[in-house]
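Taking it in order: structure first as structure tokens, then the write-up.
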Amino acid sequence: MSSPFSELGRLLGPARVIEDEPTRLLYARDSWPQAIGWTREELASHLPAAVIRPRDEKGVAAVLAWAASQGCAVVPRGAGSGVLGAAVPQRPKSLVLDVSGLTETFRVEDRPDGPTVVCGAGLRGSDLEARLQARGWSLMHFPQSMEDSCVGGWVATDSFGQLSTRYGGVRDQLRWVKAALPDGSLRAEQADLHLGAEGTLGVITEASLRIRPAAAGRQFHAWGFGALEAALDFARAAVSAKPPPSVLRLYCPVDAFFNGLHHRHAARSSPASSWTGAVQSIVLKRIGALRAISPLLGRKWVCVLIYEDEPGFEGGAPAAAPRASALGPGPAMRWWERRYHLDKARLERVFRQGCFADTMDLWAPWDRLEALHLGVLEAVKPHAFAFAHLSHFDAKGACLYVTVAGHGPGDHLAAWKAAMEACVRLGGKVNHHHGVGLAKLPWIDWALDPRWKRLWQAEKARRDFRGLLNPGKLW
Ligand SMILES: Cc1cc2nc3c(=O)[nH]c(=O)nc-3n(C[C@H](O)[C@H](O)[C@H](O)COP(=O)(O)OP(=O)(O)OC[C@H]3O[C@@H](n4cnc5c(N)ncnc54)[C@H](O)[C@@H]3O)c2cc1C
Numbered sequence: 030m031s032s033p034f035s036e037l038g039r040l041l042g043p044a045r046v047i048e049d050e051p052t053r054l055l056y057a058r059d060s061w062p063q064a065i066g067w068t069r070e071e072l073a074s075h076l077p078a079a080v081i082r083p084r085d086e087k088g089v090a091a092v093l094a095w096a097a098s099q100g101c102a103v104v105p106r107g108a109g110s111g112v113l114g115a116a117v118p119q120r121p122k123s124l125v126l127d128v129s130g131l132t133e134t135f136r137v138e139d140r141p142d143g144p145t146v147v148c149g150a151g152l153r154g155s156d157l158e159a160r161l162q163a164r165g166w167s168l169m170h171f172p173q174s175m176e177d178s179c180v181g182g183w184v185a186t187d188s189f190g191q192l193s194t195r196y197g198g199v200r201d202q203l204r205w206v207k208a209a210l211p212d213g214s215l216r217a218e219q220a221d222l223h224l225g226a227e228g229t230l231g232v233i234t235e236a237s238l239r240i241r242p243a244a245a246g247r248q249f250h251a252w253g254f255g256a257l258e259a260a261l262d263f264a265r266a267a268v269s270a271k272p273p274p275s276v277l278r279l280y281c282p283v284d285a286f287f288n289g290l291h292h293r294h295a296a297r298s299s300p301a302s303s304w305t306g307a308v309q310s311i312v313l314k315r316i317g318a319l320r321a322i323s324p325l326l327g328r329k330w331v332c333v334l335i336y337e338d339e340p341g342f343e344g345g346a347p348a349a350a351p352r353a354s355a356l357g358p359g360p361a362m363r364w365w366e367r368r369y370h371l372d373k374a375r376l377e378r379v380f381r382q383g384c385f386a387d388t389m390d391l392w393a394p395w396d397r398l399e400a401l402h403l404g405v406l407e408a409v410k411p412h413a414f415a416f417a418h419l420s421h422f423d424a425k426g427a428c429l430y431v432t433v434a435g436h437g438p439g440d441h442l443a444a445w446k447a448a449m450e451a452c453v454r455l456g457g458k459v460n461h462h463h464g465v466g467l468a469k470l471p472w473i474d475w476a477l478d479p480r481w482k483r484l485w486q487a488e489k490a491r492r493d494f495r496g497l498l499n500p501g502k503l504w
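In our numbering, the protein residues as written are 30 to 504.
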């Protein structure tokens, strides 16, 4: 019996249309922690009918035209590193359109308004940066998932990277995108339209990003503070300086402990990194005890600053911080060395043992950051052990990045709900750089600017009135 996708196989080549169950199971979820522990039955309700991997933009356009003719839903996917379920198929018999093969386009353009790179949407961050570095250029966007995420995914989630205090998010570096639309056309489009649109308005095939000369050197600094209030005053002053640090992060004492930032010595590894799976699960099943000992893990908020040398910039060292102790360059150097580190196998083990570890990217203006930190950590207390850091600072505010860990799916969900509700109550925004996906859909009105939502809705009705592109997301 011929497959319903045999025409696609003829158009793209049979190896680019994958229908075997093991592959489809892999594409039934992304890196959303709530989906990591899904059973086979739970995965089955998100199983795509096929995974399509076109080689180029013409292939992407052909898939969209074919899907429109069949009324078939299409879920665009980059590297699947999204942590909120944005690439999880919601409609039965969807196609997953894996664009990670779109890697050929790579062009540096030295334009009058600054240098840019035009690149394929499937290029992984680390590959793109390596190609730029080989020519003396560099990106300005470095998410922690640099090795596991693609340019198209960055745009579709409105991503922010670790150097955002200096360079902003991908939104600040993006000049235009090229996208395939449901009618099978390919167009260069206004970048804003696709920023954070989670693949609901088109499939990005190329993007043009601003770049800069590769940094010649870096200066590393770290300070310890007895209280968040003093640390925030210091961070605010650092952000307003010209130039601001490229990296500015403020860790609560527990988060600093887990990242090994209390130590002056750069090479010392994080104490928790040596915990075996068994120790981890024992710890997470006893969050009351963990909370009781947490004051022993450390007492200082740790602020990590990294300045990058550029032609004409000689400065860097921040003025001595009042009410702070200098920790020297060690913690910041250590942070830099481990900036992309995440032990995925370890995280999977946490879920296999019935425990959970998850993160939330909340945002608030400067004057509400302290209250947001206190309120959210208090709200999740009955359900999870929690700690936090602040990052992605700018003139308006910062992202409060909360980690929750504990035991049992019930508490996992309850911790999420409690954190989101506390954030809304305290006047924060429930998202900063992870997007909305499925996890934050119930709180979408506190995630998206209503003006954008209206614009997107109008555009969606024009170009995808049957709702075939990533259905079940954003609206
Ligand atoms: C360990 C870890 C660290 C992370 N660190 C960061 C971080 O520092 N900063 C940050 O912002 N995020 C971070 N993330 C989240 C994630 O990496 C980002 O959201 C990333 O931008 C997703 O890219 P992706 O290619 O994996 O997209 P996917 O997960 O494949 O897709 C994400 C969304 O984008 C859509 N999409 C993907 N490609 C396209 C395309 N070509 N056209 C249209 N729509 C498309 C999908 O439909 C989906 O809605 C992290 C995730 C992990 C697991």
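Ideal Cβ placement from N, Cα and C applies to all residues, glycine included.
Going by CA-CA distance only, name the one from Leu401, Leu319, Pro324, Gln248 that's closest to Pro358.
Answer by Cα proximity: Gln248.
Mark Ser35 as exposed unless 16 or more other C-beta atoms lie within 10 angstroms of its C-beta, in which case mark it buried.
exposed
So which of Pro500, Val146, Ala393 has the shortest CA-CA distance to Val459?
Ala393
What runs of the alpha helix (DSSP H), each 4 residues or longer, lie entirely inside the region 249–337?
257–269, 282–287, 306–313, 316–326
Minimum C-alpha distance to Leu334 - residue among Ser354, Ser275, Gln486:
Ser275
What residues in its chain sit with their C-beta under 7 angstroms from that of Val46, if we drop five residues either side in the sequence?
Contacts found: Phe34, Leu37, Gly38, Ala79, Ile81.
Return the bridge partner residues of Thr432 from the DSSP annotation.
Thr388, Phe416
Helix or strand or just coil, what does DSSP make of Glu176?
coil
I need the DSSP call for Gly143, collapsed to helix, strand or coil.
strand
So, helix, strand or coil for Pro242, using DSSP?
DSSP places Pro242 in strand when its eight states are reduced to three.
Cβ-based neighbour list, Leu161, same chain, cut-off 7 angstroms, excluding 5 preceding and 5 following:
Val146, Ser167, Leu168, Ile240
Rounded separation between Asp440 and Lys329 - CA only:
Their Cα atoms are separated by approximately 29 angstroms.
Selected residue, minimal CA-CA separation from Ala374, among Leu40, Leu41, Pro62:
Pro62
Short of 7 angstroms in beta carbon distance, which residues of its chain neighbour Asp390, apart from the five on each side in sequence? Order them along the chain.
Cys428, Tyr430, Asn460, His461, His462, His463
Ser110 and Ser174 - do their beta-carbons sit closer together than 7 angstroms?
yes
Does DSSP put Gly190 in a helix, a strand or coil?
coil
What residues are listed by DSSP as bridge partners for Ser354?
Gly253
Is any heavy atom in ligand 1 found nearer than 6 angstroms to the beta carbon of Ile81?
Residue side-chain check: Ile81 keeps its Cβ at 6 angstroms or more from all non-hydrogen atoms of ligand 1.
Specify, as a first and last residue, the run of the alpha helix (DSSP H) that Val405 falls within.
398–409
Does the region 362–377 come close enough to the region 252–259 that 3 or more CB-CB pairs lie under 8 angstroms?
Look at the beta carbons and you see the region 252–259 not touching the region 362–377: under three pairs across the two are nearer than 8 angstroms.
Between Ala260 and the rest of its own chain, which residues show a CB-CB distance below 7 angstroms, the 5 nearest in sequence each way excluded?
Closer than 7 angstroms at Cβ, skipping near neighbours: Phe254, Leu279, Trp330, Cys332.
Below 6 angstroms, is the gap between the Cβ of Pro62 and the nearest heavy atom of ligand 1?
Outside the cutoff, so no.
Taking only heavy atoms of ligand 2 into account, decide whether any of them is closer than 6 angstroms to the Cβ of Ala417.
Among the ligands present in this structure, namely ligand 1, ligand 2 is not found.
Can you check DSSP and say which residues form a bridge with Cys148?
Phe135, Ala236
Considering only heavy atoms of ligand 1, does any lie closer than 6 angstroms to the CB of Asp59?
yes
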